[in-house]
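First comes the structure, then the notes that go with it.
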Amino acid sequence: MSTHISISRRSIQVLRIMVSGIFLVAGFNHLIHVEKTAQRIEQASFKGIAHFFGEPQWLIILSGIAMLGAGFLFLIGYKTKWAAIILMAILIPISLTVQVGQITTLGPLFKNIAILGGLLFFILNDTDKLLK
Numbered sequence: 006m007s008t009h010i011s012i013s014r015r016s017i018q019v020l021r022i023m024v025s026g027i028f029l030v031a032g033f034n035h036l037i038h039v040e041k042t043a044q045r046i047e048q049a050s051f052k053g054i055a056h057f058f059g060e061p062q063w064l065i066i067l068s069g070i071a072m073l074g075a076g077f078l079f080l081i082g083y084k085t086k087w088a089a090i091i092l093m094a095i096l097i098p099i100s101l102t103v104q105v106g107q108i109t110t111l112g113p114l115f116k117n118i119a120i121l122g123g124l125l126f127f128i129l130n131d132t133d134k135l136l137k
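Using the numbering used here, count along the sequence shown one by one with no gaps and you end on 137.
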């Protein structure tokens, strides 16, 4: 038994466009402010997460490129599910590294949780079929 839920095509497009913006801006900032971002990682309570994956400066550059690429694909609606998976795979370690364990970053942490919810919508639903 399947349940049919009617969703506005326009709302899906608007959600996708709005969620993509944070990744385009963050990706650009990662690439132009590598040193500043690396300093934030070094001051983070869970900086060991970043160090586990490699040299923070290289991770910042790679994540910046990936956020720009996947963010753009997400923006235009091409391979939306895969773009959302890539963005989620970047968002989770960044959130754990920089925002968890610091009382001053609770607002940004919950912002990232909300963004994660938006990405999960596109991962769990076949929006390509809904838009055709």
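Where is the CB? At the ideal position from N, CA and C, for every residue including glycine. Everything numeric in this text was worked out from a predicted model, so none of it was measured.
Whole-angstrom C-beta distance between R14 and T85, which should lie under 8 Å: Rounded, the Cβ-Cβ distance is 13 Å, inconsistent with contact.
Backbone secondary structure at D133 - three-state DSSP: Three-state result, D133: helix.
Helix, strand or coil at F51 according to DSSP, with G and I counted as helix: In the three-state reduction of the DSSP assignment, F51 falls in the coil class.
Environment of I99 [buried if 16+ CB atoms lie within 10 Å]: buried
Own chain, CB closer than 8 Å to I66, minus 5 neighbours either side, in chain order: H35, L36 and V39
CB contact flag (A31, M93, <8 Å): no
Reduced DSSP secondary structure (H/G/I, E/B, other) of E60: coil
Option nearest I27 by Cα separation, candidates R45, W63 and A75: A75
Of the listed residues A89, L111 and A49, nearest to G122 (C-alpha basis): Of the residues A89, L111 and A49, the one whose Cα lies closest to the Cα of G122 is A89.
Start and end residues, alpha helix (DSSP H) containing S25: R14 to I37
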